[in-house]
Amino acid sequence: MPETVAAGLPRHIAIIMDGNGRWAQQRYMPRAFGHREGAEGVRRTVAACAELGVPYLTLFAFSSENWKRPVEEVDDLMWLLRSYLLREVNELNRQQVRIGFIGDRSALAPDLVTLITTTEMQTLHNDRLVFTIALNYGGQNDIIAAAQELAREAVAGHILPEDINPESFASKLMTSGLPDPDLIIRTSGEQRLSNFMLWQAAYSELIFIDTLWPDFSRQTLEQAIDMFSRRERRFGAATRSQT
Ligand code: FPP
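So in numbering that gives the first Met the number 0, spot 96 of the sequence shown is number 95, and the numbers just go up one at a time.
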């Protein structure tokens, strides 16, 4: 797995892609048009992270709450994802990108689940960038599922309640194996996490930018990384000037 990272670069960037609908609306186009352009933003961002040497990228593509959207829009998003995976797998292999998914697959169409599993297998050997797509993902559900699993293990007598600690808890989350995100970016000016990586965001730097997701470019990414590199991360310790 990619473990080294250049100074100032975040090891793991997670992005809440927001603003596709408004981008389309500004052009008097249907929301689906914005999502299609959003998929181009995904391609650009994956390529930029691979080139810059960011080892982990996670994108929030569909939340467990997004089922509340009109069925046509949900279908559009699922077809976009199918088309992205089918079209992109060769390019991901060329760029040495390993794709993975977090989220509840049980509610997804069986053909999509098969496509997801196949694409994960086809890119499993790549080690330049670990690209994770959060699909039907919710941070609270992730935490509840981990708690349930540990409760089952305790009831079965395999662990004691005292054995539960941040490390054992994190190992039961869907993100187990991924480092916590150093930087979480949200586009479109909204300033909230919307149930994304609630546990994992404990010490993440948060950057909110006004750019709508379809306009997100390599330059926008580099500006966010630059802001990140100038932040002082303390992880609960005193500031440098106090020590
Ligand atoms: C938020 O914009 C965006 C989404 C809910 C979906 C993100 C999906 C994509 C970028 C395209 C497909 C993904 C992949 C991985 C190929 P919004 O619709 O909430 O925008 P709005 O707030 O302006 O309405």
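For each residue, glycine too, the CB sits at the ideal point set by N, CA and C.
Please indicate yes or no: does the CB of residue 137 lie closer than 6 Å to some heavy atom of the ligand FPP? To locate residue 137, count along the sequence shown from 1; it is residue 138. For the ligand FPP, not one heavy atom lies less than 6 Å from the Cβ of residue 137.
Starting from residue 37, follow the beta strand (DSSP E) in both directions and report where the run begins and ends. Residue numbering aside, residue 37 sits at position 38 when the sequence shown is read from its first letter. Careful: residue 37 lies outside any beta strand (DSSP E), inside the alpha helix (DSSP H) at 30-51.
Taking a contact to mean a Cβ-Cβ separation below 7 Å, would you say residue 163 touches residue 172 in this structure? For the purposes of this step, residue 163 is taken as the residue at position 164 of the sequence shown. For the purposes of this step, residue 172 is taken as the residue at position 173 of the sequence shown. Going by C-beta atoms, residue 163 is not nearer than 7 Å to residue 172.
Any non-hydrogen atom of the ligand FPP closer than 6 Å to residue 86 Cβ: Locating residue 86 in the sequence shown gives position 87, where the first residue counts as 1. No - the ligand FPP has no heavy atom lying nearer than 6 Å to the Cβ of residue 86.
Out of 78, 53 and 7, which has the shortest C-alpha to C-alpha gap to residue 31? Mapped onto the sequence shown, residue 31 falls at position 32. Checking every option, the nearest Cα to that of residue 31 belongs to 78.
Whose C-alpha, out of 29, 95, 158 and 5, is nearest the C-alpha of residue 123? Looking up residue 123 in the sequence shown gives position 124. Residue 95 is the option with its Cα nearest to residue 123.
Looking at the ligand FPP, does it come within less than 6 Å of residue 196, judged from the CB to the closest heavy atom? Position 197 of the sequence shown, counted from the start, is the residue given in the question as residue 196. No, Cβ of residue 196 sits at least 6 Å from all heavy atoms of the ligand FPP.
Using 8 Å as the Cβ pair cut-off and three pairs as the minimum, do the stretch 31-44 and the stretch 104-117 touch? no
Does the stretch 199-206 come into contact with the stretch 173-190, if we say contact requires no fewer than three beta-carbon pairs (one atom in each stretch) closer than 8 Å? yes
Please report the straight-line C-alpha distance between residue 100 and residue 4, rounded to a whole angstrom. In the sequence shown, residue 100 corresponds to position 101, counting from 1. In the sequence shown, residue 4 corresponds to position 5, counting from 1. Near 23 Å, if we compare the C-alpha coordinates of residue 4 and residue 100.
Considering only C-alpha positions, which residue in the set 233, 186 and 238 is nearest to residue 223? Reading the sequence shown from its first residue, position 224 is the one you call residue 223. Taking only the C-alpha atoms, the option nearest residue 223 is 186.
Based on the DSSP output, what are the partners of residue 97 in its beta bridges? In the sequence shown, counting from the first residue as 1, residue 97 sits at position 98. 129, per the DSSP bridge assignment.
How about residue 152 and residue 158: are their beta carbons less than 7 Å apart? Walking along the sequence shown from the start, residue 152 turns up at place 153. Walking along the sequence shown from the start, residue 158 turns up at place 159. Result yes, Cβ atoms of residue 152 and residue 158 sit closer than 7 Å.
For residue 139, which residues from the same chain have a beta carbon less than 7 Å from its beta carbon, with the 5 sequence-adjacent residues on both sides left out? If you number the sequence shown from 1, residue 139 lands on position 140. For residue 139, where only same-chain residues beyond five positions count, the Cβ hits under 7 Å are 194 and 197.
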